[in-house]
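Here it is as structure tokens:
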């Protein structure tokens, strides 16, 4: 199989798993191939396939709106770069972007007493402090390593889960396939599009871009969910990010994933803000959320409640471990998905488990969630109904693991590799250099019309 055939095969298999037809080779081109990043996993080709699928879906919507057929092109090098997009943004005044201090984050893979390994995720300061209290040590990597080395991996996983914290035993792919959560996901597509209830069709109206006029509420953070909203914004959607002013954040990630959006604050602890969110929902087309499963249901914003409030809404839910199975309510992040699905174990090899050199489940899950959202919008236009799109980091990790491996790792990205995919925006951070949209469409070029804003910049209203 040639390099080009490999990436197109990934695209065809992705579309097939979602009930879509085979891609027309006259309408889509994926240029380049893995290995690019220093891993044998074909993460660049996976991203290229997901982005190409998004481009094809946007092109289909464009034709539904009366537009001309168009070609879609994705470069695998750019797609691979997008999996570490936050690393390539540069402001003319570097101090304008608050720095992330990795020395204070204890996220990492640690050996355990029974010869296994454990991925502790520091997450944000509060949850890291509670994890340290469980371990009985200070905020010091060596002290954490010593304490984890006194635990068996499974016992520590159970204790972490009991307290609602982020951590998991590192598993092989075979161990994950036998685990109840792995089995719950095994028969499901990489992104699910499920009809929730009936409502009249809502055909696309004429517009200048594929998703023009589509209103998206983006209640997500760090990195998969925000990437979904950013992807929809690149095709013309009106994306309003809603977050709590109380929640911590990582500035470089926010800046990277907020292009094309407006950003407002609402505190759902207050009845008035909850009602303002309901008012926004009544005029929305998409409600994307990345909270722990059940968190928004308890506040009256679950998929069924959203359908009752706004028949025809698309609810897009993103989490770590999947939406069915015993782990559906556990919190998790990119590194945990790699740890439990066997990716970290295989990538590290004989030297011990190691994380991929990219946020490959985060960004790819964002692209896949955007793809599912556009599929649901198309189905709503043709047959009506409210739809539930479900994606998870572990589903994406299992999709990556099913792909063939490269014969050897790539050498990594140089500035020369990345330069063709960079653009500049005028932002409140000053002139900002960053990756632009990687997918290319011949008739409706992907672009962000709004510069990335700080959180809470705008009023919680539709324009």
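Residue numbers (my numbering): 664 to 1126. Note that beta-carbon positions come from the ideal geometry of N, C-alpha and C, so glycine has one too.
| Check | Outcome |
| --- | --- |
| Run through DSSP, which three-state label would residue 851 get? | coil |
| Taking the alpha carbon of residue 819 as the point to measure from, which residue in 836, 719, 799, 803 has its own alpha carbon closest? | 799 |
| For residue 1060, tell me which candidate among 997, 1084, 1042 has the shortest Cα-Cα distance. | 997 |
| Can you round the beta-carbon distance between residue 1027 and residue 709 to whole angstroms, since I take them to be within the 8 Å contact cut? | 6 Å |
| Would the beta-carbon of residue 862 fall within 8 Å of that of residue 829? | no |
| Do you know offhand how far residue 729's Cα is from residue 1045's? | 14 Å |
| Whose CA, out of 1102, 726, 1080, lies closest to the CA of residue 867? | 726 |
| Along the chain, where does the alpha helix (DSSP H) that runs through residue 774 open and close? | Unbroken run through residue 774 is the beta strand (DSSP E), 771-774; no alpha helix (DSSP H). |
| Please state whether the Cβ-Cβ distance between residue 693 and residue 1037 is less than 8 Å. | no |
| Measure the Cβ-Cβ separation of residue 743 and residue 1031 and say whether it is below 8 Å. | no |
| If distances are taken between C-alpha atoms only, which option among 935, 790, 971, 780 comes closest to residue 810? | 780 |
| For a cutoff of 8 Å on Cβ pairs, would you count residue 781 as touching chain D? | Among the chains in the structure shown there is no chain D, since it carries only a single protein chain. |
| Determine the burial state of residue 1125: buried for a count of at least 16 other Cβ atoms within 10 Å of its Cβ, exposed for fewer. | exposed |
| Residue range of the alpha helix (DSSP H) that residue 725 falls in? | 706-727 |
| Going by beta-carbon coordinates alone, are residue 926 and residue 1119 separated by less than 8 Å? | yes |
| Straight-line CA distance for residue 665 to residue 937? | The predicted position of residue 665 is uncertain, since its pLDDT is 49 and thus under 50; no value can be drawn from it. |
| Compute the distance between the beta-carbons of residue 1096 and residue 836, then report whether it is under 8 Å. | no |
| If you run the structure through DSSP and keep just helix, strand and coil, what is residue 690? | coil |
| Strictly by DSSP, which residues pair up with residue 731? | Answer is none; residue 731 lacks a bridge partner. |
| Hey, how far is the Cα of residue 678 from the Cα of residue 1106? | 22 Å |
| Near residue 801, which residues of its chain fall below 8 Å by C-beta distance, leaving aside the five closest residues on each side in sequence? | 795 |
| Looking only at C-alpha atoms, which of 671, 761, 707 sits nearest to residue 916? | 761 |
| Are there three or more Cβ pairs, one per stretch, closer than 8 Å when the segment 1048-1058 is compared with the segment 973-988? | yes |
| Measure the C-alpha to C-alpha separation of residue 817 and residue 832 and round it to an integer number of angstroms. | 6 Å |
| Judging by CA-CA distance, which residue of 690, 706, 687 is the nearest neighbour of residue 696? | 706 |
| Taking 8 Å as the threshold (C-beta atoms), are residue 1081 and residue 1117 in contact? | no |
| What are the partner residues of residue 952, as DSSP defines its beta bridges? | 882, 980 |
| Which whole-angstrom value describes the C-beta separation of residue 882 and residue 905, a residue pair presumed to lie in contact below a C-beta threshold of 8 Å? | 5 Å |
| Using the beta-carbon count (16 or more within 10 Å), is residue 668 buried or exposed? | exposed |
| Nearest by alpha-carbon distance to residue 987: which of 1015, 1073, 1025, 852 is it? | 852 |
| Between the C-alpha atoms of residue 1041 and residue 949, what's the straight-line distance to the nearest angstrom? | 12 Å |
| If you check the beta carbons only, do residue 858 and residue 1050 fall under 8 Å apart? | yes |
| Rank 953, 1066, 768, 1123 by C-alpha distance to the C-alpha of residue 940 and give the top, closest one. | 1123 |
| Which of helix, strand or coil does DSSP assign to residue 760? | coil |
| Spell out the partners DSSP gives residue 751 in its beta bridges. | Paired residue(s): none; residue 751 is not in a bridge. |
| What separation, rounded to the nearest whole angstrom, lies between the Cα atoms of residue 892 and residue 878? | 11 Å |
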